[in-house]
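Chemist: This structure is in structure tokens; I'll ask about it shortly.
Chains as they are written, first to last, in my numbering: chain R, 20 to 292; chain E, 127 to 369.
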């Protein structure tokens, strides 16, 4: 279980990215973090595993305060937190298998990782994970030979290889097409419920968040302005999160897109006849 | 404006003191030199040439290997995104010193310290290699895709593991390409620094010219050109293979 208490982040430039965020994520819950760009979603996620140093506040993972750890303790604790990235962030020139095994780096000494001599249990587990995400036959391919959806699956397998107690997911579908996005979101939610893993998912696609998340947290200008189940995410709630104009513009954009899609579908249907 | 430039050019040329008799003598020597080139003599000084060549090749290879080996830690230390501030400044200063001093100056210095011969040349080329490789490696590391390093760091990997898993795969092909290119440069430089006494084929060339043996000198120059061409083709082939 993760608890954030009064978490704030002010960048050196004086920009306040987060102010006084208090949030708790119970075991097994998947939270969708929504908000306009620049609201601090990415900063919030990166503060939790301290890829970004928070300015103040507590980050309790179990009974460890991550915000106050020294360097080597922090490394130990990072192993408990798996992270999945927007642009997959795989090491392109390494194989799929090496990428998955890199999730074990926090557990093995340098010489083992350098010689690529991971313990047999790690390798076995990596194969199981590749099987789970459906990439068994791609294990020896280089990561840059895969498609976007496949790469994100490798990203998921890498995060799971850590044996994490929490998943941080940063815009997992932003670089994927709608169909693949849904597949990836389904895979993520399935895996989380299989393992009782809590997850925080940054997501800018509101309908996708409503479809897959158990709880939605809305962030605006670094503050939590909404916290509740997806069906409470009414038009008013969305207006508070995105602001009047932005939300209308976004909805209009969505409607236009839907219209365009409907039209295209209609044309295809005509063609098919 | 243009007229001014032309007038200045003529005035400037007028101040150049040309000794036409000397130019004439030089032309004659130049002609003999070209003739030497056309009829290169590989045989009469073959022992000197082959010794100089093998010295040069040894010097080139050892200095490239040693230079690259030293450059890697310095290059990593000189990358702002990997090294702490104080290490960064130390490594950048080493690079700056190595790059500021031209090979010939370093060679004169090392010849004065360690005497004539290929050892001074080896040190010179190693030193020059550090400035070249470490700088380009550091710049390359600073331009890596930071998100890959972030992802590896997020797994709880140590600094060494981040270097090995996220940085090395991104910079390795270029590092190999640069090392091969440096090998090529080092061979050419070994011919130049030989003239100031740092051994190798340059020393042989210098001796041949001093003895007015232009046919042997021509042979040496042809050998240098041949070796450079071989390394050139070799390195472009290797780089293609690495892509």
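A virtual CB, placed ideally from N, CA and C, is assigned to each residue, including glycine. Since the structure is predicted, the reported quantities are computational estimates derived from the model, not experimental observations.
Could you give the uninterrupted runs of the alpha helix (DSSP H) lying entirely in the segment 145-191 of chain E, keeping only those of 4 residues or more?
Modeler: 146-164
Chemist: Please check the pair residue 243 of chain E and residue 325 of chain E, which I expect to be a contact at CB under 8 Å, by giving their CB distance rounded to whole angstroms.
Modeler: Position 117 of the second chain holds residue 243 of chain E. Position 199 of the second chain holds residue 325 of chain E. So it is a contact: roughly 5 Å between Cβ atoms.
Chemist: Drop a sphere of 10 angstroms on the beta-carbon of residue 116 of chain R, count the other beta-carbons inside from all chains shown, and report buried for 16 or more, exposed for fewer.
Modeler: The count along the first chain starts at 1 and reaches residue 116 of chain R at position 97. Residue 116 of chain R should be labelled buried.
Chemist: May I ask which residues mark the beginning and end of the alpha helix (DSSP H) holding residue 242 of chain R?
Modeler: Position 223 of the first chain, counting from 1, holds the residue named residue 242 of chain R. If you look at residue 242 of chain R, you'll find it isn't in any alpha helix (DSSP H); it sits in the beta strand (DSSP E) that goes 242-247.
Chemist: Residues of chain R with a CB under 8 Å from the CB of residue 319 of chain E: which are they?
Modeler: Looking up residue 319 of chain E in the second chain gives position 193. Result: empty, since nearest Cβ-Cβ is about 37 Å, beyond 8 Å.
Chemist: Mind checking which residues open and close the beta strand (DSSP E) that includes residue 314 of chain E?
Modeler: In the second chain, the residue the question calls residue 314 of chain E occupies position 188. Here residue 314 of chain E belongs to no beta strand (DSSP E); instead the alpha helix (DSSP H) covers 294-319.
Chemist: Against chain E, which members of the segment 72-104 of chain R pass a CB distance test of less than 7 Å?
Modeler: Along the segment 72-104 of chain R, going in chain order, the ones with a CB nearer than 7 Å to a CB of chain E are 94, 95, 97, 98, 102, 104.
Chemist: Buried or exposed: where does residue 348 of chain E fall if 16 or more other Cβ atoms within 10 Å of its Cβ makes it buried?
Modeler: By 1-based counting over the second chain, the position of residue 348 of chain E is 222. By the beta-carbon neighbour count (other beta carbons within 10 angstroms, threshold 16), residue 348 of chain E is exposed.
Chemist: Roughly how many angstroms separate the alpha carbons of residue 165 of chain E and residue 316 of chain E, rounded to a whole number?
Modeler: Reading the second chain from its first residue, position 39 is the one you call residue 165 of chain E. Reading the second chain from its first residue, position 190 is the one you call residue 316 of chain E. Cα to Cα, the separation comes out at about 25 Å.
Chemist: Pull the bridge partners of residue 114 of chain R from the DSSP assignment, please.
Modeler: Position 95 of the first chain, counting from 1, holds the residue named residue 114 of chain R. According to DSSP, which records beta bridges pairwise, residue 114 of chain R is partnered with R/161.
Chemist: Quick one: using the 10 Å Cβ neighbour count with 16 as the cut-off for buried, is residue 290 of chain E buried or exposed?
Modeler: By one-based count along the second chain, residue 290 of chain E stands at place 164. Residue 290 of chain E is buried by the Cβ-count criterion.
Chemist: Using the beta-carbon count (16 or more within 10 Å), is residue 135 of chain E buried or exposed?
Modeler: As a first step, residue 135 of chain E must be located in the second chain, where it is residue number 9. Residue 135 of chain E is classed as exposed because its beta carbon has fewer than 16 other beta carbons within 10 Å across all chains shown.
Chemist: Ignore the nearest five residues each way along the sequence and tell me which others in residue 192 of chain E's own chain have a CB closer than 7 Å to its CB.
Modeler: Against the second chain, residue 192 of chain E aligns to sequence position 66. Here the set comprises 252.
Chemist: Whose C-alpha, out of E/197, E/143, E/233, E/261, is nearest the C-alpha of residue 79 of chain E?
Modeler: Because residue 79 of chain E is not part of the residues shown, which for chain E are 127 to 369, the question remains open.
Chemist: Could you give the distance in angstroms between the alpha-carbon of residue 266 of chain E and the alpha-carbon of residue 139 of chain E?
Modeler: On the second chain, position 140 is the one that residue 266 of chain E refers to. On the second chain, position 13 is the one that residue 139 of chain E refers to. Roughly 46 Å between the two C-alpha positions.
Chemist: If you drop the 5 nearest sequence neighbours on each side, which residues of the same chain put their C-beta closer than 6 Å to that of residue 65 of chain R?
Modeler: Locating residue 65 of chain R in the first chain gives position 46, counting from the first residue. 71.
Chemist: Which ranges would you report for the alpha helix (DSSP H) in the segment 137-222 of chain R if only whole runs of at least 4 residues count?
Modeler: If you keep only unbroken alpha helix (DSSP H) runs of at least 4 residues inside the segment 137-222 of chain R, you get 139-151, 167-180, 197-214.
Chemist: Are any of the Cβ atoms in chain E nearer than 8 Å to that of residue 27 of chain R?
Modeler: To locate residue 27 of chain R, count along the first chain from 1; it is residue 8. False, the Cβ-Cβ gap to chain E never drops below 8 Å.
Chemist: Taking the alpha carbon of residue 216 of chain E as the point to measure from, which residue in E/285, E/154, E/226, E/201 has its own alpha carbon closest?
Modeler: Position 90 of the second chain, counted from the start, is the residue given in the question as residue 216 of chain E. Among E/285, E/154, E/226, E/201, the Cα nearest to that of residue 216 of chain E belongs to E/201.
Chemist: Could you run through the segment 281-292 of chain E and flag, in chain order, every residue whose CB is less than 8 Å away from some CB of chain R?
Modeler: Close to chain R, meaning a Cβ-Cβ distance shorter than 8 Å, are the following residues of the segment 281-292 of chain E: 281, 282, 283, 284, 286, 287, 290, 291, 292.
Chemist: Between which two residues does the beta strand (DSSP E) holding residue 234 of chain R run?
Modeler: Position 215 of the first chain holds residue 234 of chain R. Secondary structure note for residue 234 of chain R: its beta strand (DSSP E) is the uninterrupted segment 234-239.
Chemist: Quick one: Cα of residue 145 of chain R to Cα of residue 132 of chain R, how far?
Modeler: Taking the first residue of the first chain as position 1, residue 145 of chain R is located at position 126. Taking the first residue of the first chain as position 1, residue 132 of chain R is located at position 113. If you take the alpha carbons of residue 145 of chain R and residue 132 of chain R, they lie about 14 Å apart.
Chemist: So, for residue 223 of chain R: in the same chain, excluding its five sequence neighbours on each side, which residues have a beta-carbon less than 6 Å away from its beta-carbon?
Modeler: Counted from its first residue, the first chain places residue 223 of chain R at position 204. Counting only residues of its own chain and dropping the five nearest sequence neighbours on each side, residue 223 of chain R has no CB closer than 6 Å to any other CB.
Chemist: Which residue wins for smallest C-alpha separation from residue 152 of chain R, given the options R/189, R/192, R/229, R/209?
Modeler: Here residue 152 of chain R corresponds to residue number 133 of the first chain, with the count starting at 1. Residue R/209 is the option with its Cα nearest to residue 152 of chain R.
Chemist: With the cut-off set at 8 Å, would you say residue 185 of chain R and residue 109 of chain R are in Cβ contact?
Modeler: For the purposes of this step, residue 185 of chain R is taken as the residue at position 166 of the first chain. For the purposes of this step, residue 109 of chain R is taken as the residue at position 90 of the first chain. Not closer than 8 Å, so no.
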